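Protein chains in written order, with the UniProt record's numbering: chain D, 1 to 430; chain A, 1 to 430. Here's the structure, in structure tokens; my notes come after.
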């Protein structure tokens, strides 16, 4: 088996070649599943490379009759100048997760037209303008009235339907085994989310000198380090559902009517709270960045209220939809809560309450960990980075950091998302 | 890959034939790894079948010059008359776990001489007399002065060295993926430990009519059902270490000087507390059964004290050895607690305390679940079954059941094993 896997890997290495525009056209012509999406004539394609070139090539390919996006993984990622070797097999997990999640939630996951494992190449739906990356919309101060509803729908469906609440243990463990191989991506997360921010690490950075002491305080905070250890273990050990694995506001494309979740190359079976927390935590970051984007034309006060409302609605709608799915499928294949045991609506309701409370606290923990790492770790967010005045940026970041630290430490005290909102607002003063 | 696996499975089915004594001799002669253990002449072997014939054939094979045990898995298990189909692949996981655990703890795990996957056949060390099954020794009232020390050693080494405290995430996930395939055995555990005792199930039984109401009370105990759901999820989702998976007192062979752990066919990556709890819980069952074995010659009072002492020592020594291993290997490959983060002995000590407290509570939870299922579930223990007077047996069982229920519900309140011992004693009155 090991030998077979090795051989397969070698073949894949042999079959791999990074595409440029010319070879891309040839590739499309030779691939019916892609050619068909672009219509008959493939001689007048418009091709635009939109990847940042550091992780993947991303080509938008347009013809008179159609469009596709071609995403090809490169065998490394590049951060802060250096490149880290990184398996191209992440494309396989990205394609697998897109296909699985689209099957569960077609409204919010783009279609995969074609996957070529040897080439680490995904051909998928072009998510057309006016879709933009949600993070950019949040920076611009654009309201998305359906965002909470859509993301609640996406999270409830992808998490519920890949958990033991819906699947037999046999099916669940098959999925777990499959995604164990995406371990390189999990290790990257471990390092940048759960380790580096809490130690002196080469690539850590912060808005210096303003936040130097804040970053040092994170590295010296025993209570924080005890909490992060627990979350890190849970992240690796607990195969609760098939996660997106990187569900921040840069992995979501939006218009006022549409929400599309992309880029699940970190997909693995992990704790549900990691996905939920990523989304909520990044909304809280967006909230704290708003003062840095306020100007005379727009003080962003109304927009901040909308963000808070979106955070609150996202959790509450997720909760509602998730429990609805649970009730709807309680007599299905899932073996976690067998009807003959949880045999009254009162008891099932108690079990659900316990489950959801635990999930809520996990989400708050992971969400605050994701916030912290964006302020004192390697990868920062454009929400703050785009605030040019470093002093103002640092002030926004500090409030977010202090808020996150308090949530991480005290997460088990929160009984509702409303209480979290009040907590967030309490940090929103200079 | 799926096709390859299927083909392999078919070949294995083709290669499988249950051995009888005659074909066993031929098999041994044709297998150098076994023949060598028995010395030159293989024509005067003494063969004894000691398996119960329901799960596996177990042959003891003796020659003038040596000995082996041959264990062959059958494609079903038989319980209460009916047979359940059960993959013979459990032999593969048993052999793998024996080999892995023996590498980590050679003093307490027998050597595997030979494994034949197609035949589901393990050739291993014959654990010679005066070794007996620990459970039988406990029923006979025999003290094993080194038992706690040996089992603490076994549990500390097998659990620590297969956890993220010692291994990289990459190695850990490889192991997790491998053992995901032993899912049929996990499902059996799920059913008989975490489900059936809490519902009306065909094979449940209890010492009737004495315990009928007690069994019904378990099925109607909402608090108990909420706790068992949490443990069940943890059992399936949490890949903390490579467990034995069935570490009761029937899986341990002892003399006063030697302790050998056998039969890990339920091995999988699960929560450490499941193994620890199985051992401690079965000792508590043995404790509560003693009054049923008392007679004029031996009131078993001193023996009961020895059992309690063994429970206390087992946990305390396990705790000591486990933390010692952690300290010894804290600068190794394990990535869960990186030295640059947990960078003072005080902080590491706090982290260990938190980890061990959580593990203690898990162990109490799983241990009490294992006790409950042995009283109102399908598979009972000889400790109680061998008490002929049903009324007396029921009285012993009821005290064990009530003790277990209270531990399961209140496990997070216990701060030391000493408190648990006091709690156990408090149920030891008629």
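We put the beta carbon where it would ideally sit given N, CA and C, even for glycine. These figures come from a predicted structure and were not determined experimentally.
Which chain D residues are close to residue 116 of chain A, counting only those with a beta carbon under 7 Å from its beta carbon?
-> Indexing the second chain from 1 puts residue 116 of chain A at position 116. Those do not exist, as residue 116 of chain A stays about 17 Å from chain D at its closest Cβ, beyond 7 Å.
Answer yes or no: do residue 61 of chain D and residue 68 of chain D have a C-beta to C-beta separation smaller than 7 Å?
-> Taking the first residue of the first chain as position 1, residue 61 of chain D is located at position 61. Taking the first residue of the first chain as position 1, residue 68 of chain D is located at position 68. Yes, these two residues count as a Cβ contact at 7 Å.
Do residue 421 of chain A and residue 308 of chain A have their C-beta atoms within less than 7 Å of each other?
-> In the second chain, counting from the first residue as 1, residue 421 of chain A sits at position 421. In the second chain, counting from the first residue as 1, residue 308 of chain A sits at position 308. Against a cut-off of 7 Å, the Cβ pair of residue 308 of chain A and residue 421 of chain A comes out as a contact.
Taking three-plus beta-carbon pairs below 8 Å as touching, is the region 217-230 of chain A in contact with the region 105-117 of chain A?
-> no
Residues sharing a beta bridge with residue 268 of chain D, DSSP | Within the first chain, residue 268 of chain D is the residue found at index 268, counting from 1. Looking at the DSSP assignment, residue 268 of chain D forms a beta bridge with D/243.
Contacts that residue 376 of chain D makes with chain A (C-beta to C-beta distance below 9 Å) = Numbered from 1 along the first chain, position 376 holds the residue referred to as residue 376 of chain D. Result: empty, since nearest Cβ-Cβ is about 13 Å, beyond 9 Å.
Got a sec, what are the start and stop residues for the beta strand (DSSP E) residue 116 of chain A sits in?
-> Looking up residue 116 of chain A in the second chain gives position 116. First-last of the beta strand (DSSP E) with residue 116 of chain A: 112-116.
Buried or exposed for residue 180 of chain D, please, with buried defined as at least 16 other CB atoms from any protein chain shown within 10 angstroms of its CB.
-> Locating residue 180 of chain D in the first chain gives position 180, counting from the first residue. Under this definition residue 180 of chain D is a buried residue.
Using a beta-carbon distance cut-off of less than 7 Å, what residues from the region 193-215 of chain D approach chain A?
-> 195, 198, 199 and 200
Would a C-beta distance cut-off of 7 Å place residue 277 of chain A and residue 363 of chain A closer than the cut-off?
-> By one-based count along the second chain, residue 277 of chain A stands at place 277. By one-based count along the second chain, residue 363 of chain A stands at place 363. Yes, the Cβ-Cβ distance between residue 277 of chain A and residue 363 of chain A is below 7 Å.
Residues of chain D with CB under 8 Å from residue 350 of chain A, in chain order?
-> By 1-based counting over the second chain, the position of residue 350 of chain A is 350. By Cβ distance, chain D contributes 222 and 226.
Ends of the alpha helix (DSSP H) at residue 310 of chain A?
-> What you label residue 310 of chain A is simply residue 310 of the second chain in a count that begins at 1. Run containing residue 310 of chain A: 301-328, per the alpha helix (DSSP H) assignment.
Should residue 40 of chain A and residue 66 of chain A be called a contact, given that it needs their Cβ atoms to be closer than 7 Å?
-> Here residue 40 of chain A is taken as the residue at index 40 of the second chain, counted from 1. Here residue 66 of chain A is taken as the residue at index 66 of the second chain, counted from 1. Taking 7 Å as the Cβ cut-off, residue 40 of chain A and residue 66 of chain A do not qualify as a contacting pair.
Verify the CB distance criterion: does residue 354 of chain A have a CB-CB separation below 7 Å to chain D?
-> Here residue 354 of chain A corresponds to residue number 354 of the second chain, with the count starting at 1. Output row for residue 354 of chain A: interface = yes.
Is the beta carbon of residue 281 of chain A sitting closer than 7 Å to the one on residue 393 of chain A?
-> As a working note, residue 281 of chain A is residue 281 in the second chain. As a working note, residue 393 of chain A is residue 393 in the second chain. Taking 7 Å as the Cβ cut-off, residue 281 of chain A and residue 393 of chain A do not qualify as a contacting pair.
Hey, is residue 46 of chain A's beta-carbon within less than 7 Å of any beta-carbon in chain D?
-> On the second chain, position 46 is the one that residue 46 of chain A refers to. It does not: the Cβ of residue 46 of chain A has no partner Cβ on chain D nearer than 7 Å.
When you compare only the Cα positions, how much space is there between residue 29 of chain D and residue 42 of chain D?
-> Reading the first chain from its first residue, position 29 is the one you call residue 29 of chain D. Reading the first chain from its first residue, position 42 is the one you call residue 42 of chain D. Residue 29 of chain D and residue 42 of chain D: Cα-Cα distance of roughly 7 Å.
Indicate whether the contact test is met: 3 or more Cβ pairs, each with one atom in the region 189-205 of chain D and one in the region 305-325 of chain A, closer than 8 Å.
-> no
If we count the other Cβ atoms within 10 Å of its Cβ and call it buried at 16 or more, is residue 15 of chain A buried or exposed?
-> Here residue 15 of chain A refers to the residue found at position 15 of the second chain. Exposed is the call here.
Determine, using beta carbons only, whether residue 466 of chain D comes closer than 7 Å to chain A.
-> Limits of chain D in this structure are 1 at one end and 430 at the other, which puts residue 466 of chain D out of reach.
If we count the other Cβ atoms within 10 Å of its Cβ and call it buried at 16 or more, is residue 315 of chain A buried or exposed?
-> Here residue 315 of chain A refers to the residue found at position 315 of the second chain. It is buried - the Cβ of residue 315 of chain A has at least 16 other Cβ atoms within 10 Å.
Within chain D, the residues that residue 173 of chain A reaches when beta carbons sit closer than 7 Å | Stepping through the second chain from its first residue, residue 173 of chain A is reached at position 173. Neighbours of residue 173 of chain A on chain D, chain order: 180 and 183.
Three or more C-beta pairs below 8 Å linking the region 364-382 of chain D and the region 202-211 of chain D = yes
Pick from D/388, D/189, D/371 and D/413: whose alpha carbon is nearest that of residue 215 of chain D?
-> Along the first chain, one-based indexing puts residue 215 of chain D at 215. Taking only the C-alpha atoms, the option nearest residue 215 of chain D is D/371.
Span of the alpha helix (DSSP H), counted from its first residue to its last, around residue 27 of chain A = Position 27 of the second chain, counted from the start, is the residue given in the question as residue 27 of chain A. That run of the alpha helix (DSSP H) goes 21-29.
On the three-pair Cβ rule with 8 Å, is the region 352-369 of chain D touching the region 230-242 of chain D?
-> yes
By a C-beta neighbour count over all protein chains shown, 10 Å radius and 16 as the cutoff for buried, is residue 299 of chain D buried or exposed?
-> Along the first chain, read from residue 1 onward, the residue named residue 299 of chain D stands at position 299. The residue in question, residue 299 of chain D, is exposed, as its Cβ has fewer than 16 Cβ neighbours within 10 Å.
With DSSP collapsed to three states, give me the class of residue 260 of chain A.
-> Taking the first residue of the second chain as position 1, residue 260 of chain A is located at position 260. Strand at residue 260 of chain A.
Determine which residues share a DSSP beta bridge with residue 123 of chain A and list them.
-> Taking the second chain and counting its residues from 1, one reaches residue 123 of chain A at position 123. In DSSP, residue 123 of chain A forms a bridge with A/70 and A/114.
Chain D residues whose Cβ lies nearer than 8 Å to that of residue 232 of chain A | By one-based count along the second chain, residue 232 of chain A stands at place 232. Per Cβ cutoff of 8 Å: 336.
Relative to the alpha-carbon of residue 412 of chain D, which residue among D/404, D/381, D/357 and D/152 has its alpha-carbon at the smallest distance?
-> Position 412 of the first chain, counted from the first residue, corresponds to residue 412 of chain D. Per the Cα distances, D/357.
Taking any Cβ of chain A, which residues in the region 373-406 of chain D have a Cβ under 7 Å from it, in chain order?
-> none
Compare the C-beta of residue 80 of chain A with all C-beta atoms of chain D and state if any pair is closer than 7 Å.
-> In the second chain, residue 80 of chain A corresponds to position 80, counting from 1. Per-residue confidence for residue 80 of chain A stands at a pLDDT of 49, beneath the threshold of 50, marking its modelled position as unreliable; the derived number appears in the next sentence. Answer no: the Cβ-Cβ gap between residue 80 of chain A and chain D never drops below 7 Å.
Compute the Euclidean distance between the alpha carbons of residue 157 of chain A and residue 355 of chain A, then round it to the nearest angstrom.
-> As a first step, residue 157 of chain A is located in the second chain; it is residue number 157 there, counting from the start. As a first step, residue 355 of chain A is located in the second chain; it is residue number 355 there, counting from the start. Approximately 16 Å between the Cα atoms of the pair.
Would DSSP call residue 62 of chain D helix, strand or coil?
-> Along the first chain, one-based indexing puts residue 62 of chain D at 62. Residue 62 of chain D: strand per DSSP, three-state reduction.
Taking Cβ positions, are residue 90 of chain A and residue 265 of chain A nearer each other than 7 Å?
-> Here residue 90 of chain A corresponds to residue number 90 of the second chain, with the count starting at 1. Here residue 265 of chain A corresponds to residue number 265 of the second chain, with the count starting at 1. Result yes, Cβ atoms of residue 90 of chain A and residue 265 of chain A sit closer than 7 Å.
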